[in-house]
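Residue numbers (the working numbering): 1 to 352.
Written out as structure tokens, the structure is:
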């Protein structure tokens, strides 16, 4: 759509270059190379093609929304925003907030929130977590909503728009495919509303949707099961059996293998440092670098140093060596229990 604020040639004053079809040589544009002229023509053609292919229904809707925003008569517009609203979250609240504030002043909007039925959602989209009543009750407590309609249709028709005196339908502009066969255009359930110029576009909250929340729960399924078992839920409540316990046991052992391996690596580093310190305490080259020529010579110096340093260094090295051996043994035990094929086969035959 062309910008309405851009003046046309006929609107220009008579003395301006736009109003003068034939100006003086000084006023005429300089001669351009052929390549620049072709580029300019290509841009004009591209802009024209874009304006032709632009969705006329969206243009009409935007014009009507702009007129409603500029309306200062005190009229209150009835804006309808429908959805499933399962696991009501921040993304839903932001969408409803956008719809309420879409005309500049929230007092100019009476926001109707339509909640689709369980039958329609389960048939055309998929199983919900919350039932119809609970989803509706969640929307009722959103401060941006003035009224909740529990009879929301999957595809909005004229009779529903007339029944509730709806002026605009708010939703994001991404085409939402219709699986019900009711809409005239199966590629977009809101096509009819857009054609009537009643569509009010909102923006999605990226990365936050009911599907994203469900994916997070599925990804960390075992942790949430353990969480609820610790809170007093039974295996029957969570619909889990022995197969889940076997899988959980394997995951726990894998976790212990990783932790034990990390401890072994740490102990290896400590033991190495202790061994190096033990060697350095009685290495003449190291002692000369550290103390210079101050008494670092003769057997008496080394006898005294052995009496002074040997017990502490020996105990330190012994301590770290025992820790390393125990960590390696612990890691071997966890690895064996995790990858033991006989144990795995016994579990598989017993539980699957």
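Cβ atoms here follow ideal geometry from the backbone N, Cα and C, with glycine treated the same way.
Under three-state DSSP, which class holds residue i?
i, result
"residue 186", "coil"
"residue 201", "strand"
"residue 172", "strand"
"residue 94", "helix"
"residue 354", "This structure leaves residue 354 out entirely; the chain is present only between 1 and 352."
"residue 110", "strand"
"residue 77", "strand"
"residue 140", "helix"
"residue 129", "coil"
"residue 257", "helix"
"residue 115", "strand"
"residue 216", "helix"
"residue 101", "coil"
Could you tell me whether any Cβ in chain D is nearer than 9 Å to the Cβ of residue i?
i, result
"residue 321", "You won't find chain D in this structure, because it holds only one protein chain."
Under 6 Å Cβ to Cβ from residue i, same chain only, skipping five residues before and after it: list those, please.
i, result
"residue 158", "none"
"residue 182", "155"
Which same chain residues, not among the five before or five after residue i, have their C-beta less than 7 Å away from its C-beta?
i, result
"residue 268", "324"
"residue 169", "80, 156, 190, 193, 198, 199 and 200"
"residue 111", "79, 81, 96, 99, 100, 144, 145 and 146"
Considering just the uninterrupted stretch of the beta strand (DSSP E) at residue i, what are its terminal residues?
i, result
"residue 88", "No beta strand (DSSP E) contains residue 88, which DSSP labels as neither H nor E."
"residue 151", "147-152"
Taking the continuous alpha helix (DSSP H) assigned at residue i, which residues delimit it?
i, result
"residue 227", "221-230"
"residue 65", "56-70"
"residue 195", "191-195"
"residue 122", "118-124"
"residue 160", "158-163"
"residue 237", "235-238"
Classify residue i: buried if its beta carbon has 16 or more other beta carbons within 10 angstroms, exposed otherwise.
i, result
"residue 326", "exposed"
"residue 186", "exposed"
"residue 243", "exposed"
"residue 141", "exposed"
"residue 318", "exposed"
"residue 234", "exposed"
"residue 273", "exposed"
"residue 68", "buried"
"residue 107", "exposed"
"residue 72", "exposed"
"residue 103", "buried"
"residue 70", "exposed"
Please return the same chain residues whose Cβ sits closer than 8 Å to the Cβ of residue i, not counting the five positions on each side in sequence.
i, result
"residue 115", "82, 83, 84, 85, 132, 135, 136, 139, 148, 149, 150 and 152"
"residue 217", "224"
The region 216-231 / the region 89-102 touching (three or more Cβ pairs under 8 Å): no
Validate contact between the region 86-94 and the region 122-130 using beta carbons, cut 8 Å, 3 pairs: yes
Sufficient close CB pairs (3 or more, under 8 Å) joining the region 185-195 to the region 57-66: yes
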